[in-house]
Structures are given as structure tokens and as C-alpha cells.
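Engineer:
In the UniProt record's numbering, the protein residues as written are 1 to 139.
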């Protein structure tokens, strides 16, 4: 098989996985948003986006939706990426009940961080500082 055919098959498989993940989020109705920004090995800034849901049997699942390259990591740019991802997957921000980010002011800022911008659109989206991120910084 050629590289083009293999890449097309991989793309189709990835899209199928994303469709299934979308179904999980939409069926659970409410979700929590988890984002973290980091630089990759080529020093390009990326944002990882995951959603946490509670299923009908009360089990909790964390679903990774991907890395998104970003030219800047300011609150405005990151919030735009979040809005674009929500739009892309047809998730209503009014169903967001939680947000979890690291402690950087661009995401956790009370006045203009990402959490404040999400909270402005959905006041019930409670912000929680990511303790796992703090633990990773210690180790």
C-alpha cells in the first residue's frame, strides 16, 4: 500500500474514534473541560483538550480530544481555541459544569483568564485548579 492510502486509512480511523468520543460526551449531557498548554519537541506551543464526563453507571471517564497548535498562549487565543473545539464537535458551552487548568494566570485568572471567559458564558462551570499538574511540577 502507498503512503497516501495508509494515511487515508489512519485519518478515517481517527475520525471514527472522534465520532465515538463525541457521542459519549453528548449522551452524558454535562461535561468538564480540561486544557493544558505545553511546547512540543520542536518548541511549538500546543494545547491539549480533554473532556471529563460521568456515565449513566456513575463511572467517570476522561476523553482526550487532541492537541491543537497555537501561536500564542494568552487567554484570548486559548479561549478562541476552546470555542472552536466546542463548535467543531457541536458541544454546547451551556452544558459545561467544570473547568480544570493549571495555575497560570492566562487560564486561571479571575478577571480575564480562560476560566473567567468560560464562566461569563456559563456561570455554572466551576473552575478547579489541577492538582495533578502541581504534583508533576514537584516530581
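Ideal Cβ placement from N, Cα and C applies to all residues, glycine included.
Just so it is clear, the structure is predicted and the values come from calculations on it, not from any experiment.
Determine contact between the region 25 to 44 and the region 85 to 93, defined as no fewer than three beta-carbon pairs at a distance below 8 Å.
Structural biologist: Under the three-pair Cβ rule at 8 Å, the region 25 to 44 counts as touching the region 85 to 93.
Engineer: On the three-state DSSP scale, how would you describe residue 135?
Structural biologist: The pLDDT assigned to residue 135 is 48, lower than 50, so where the model puts this residue is not dependable, and the model offers no usable value.
Engineer: What residues are listed by DSSP as bridge partners for residue 33?
Structural biologist: Checking the DSSP bridge columns, you'll see residue 33 partnered with 51 and 99.
Engineer: Bridge partners of residue 120, per DSSP?
Structural biologist: Partner(s): none; residue 120 has no beta bridge.
Engineer: Is DSSP giving residue 18 helix, strand or coil here?
Structural biologist: It is helical.
Engineer: Whole angstroms are fine: how far does the CA of residue 14 sit from the CA of residue 105?
Structural biologist: 33 Å
Engineer: Can you tell me the Cα-Cα spacing of residue 29 and residue 70, whole angstroms?
Structural biologist: Their backbone Cα atoms lie some 28 Å apart in a straight line.
Engineer: Which residue from 130, 56 and 18 puts its Cα closest to that of residue 67?
Structural biologist: 18
Engineer: Let me know the secondary structure DSSP gives residue 39 once reduced to three states.
Structural biologist: strand
Engineer: If you compare alpha carbons, which of 82, 99 and 9 is closest to residue 123?
Structural biologist: 99
Engineer: Quick one: measure Cβ to Cβ for residue 94 and residue 126, integer angstroms, because I've assumed they're closer than 8 Å.
Structural biologist: About 14 Å; that fails the 8 Å criterion.
Engineer: Where does residue 110 sit, in a helix, a strand or coil, going by DSSP?
Structural biologist: Shown here, residue 110 sits in coil according to DSSP, grouped into three states, outside any helix or strand.
Engineer: Thinking just about the alpha-carbon of each residue, which of 6, 77, 12 and 39 is nearest to the one in residue 107?
Structural biologist: 77
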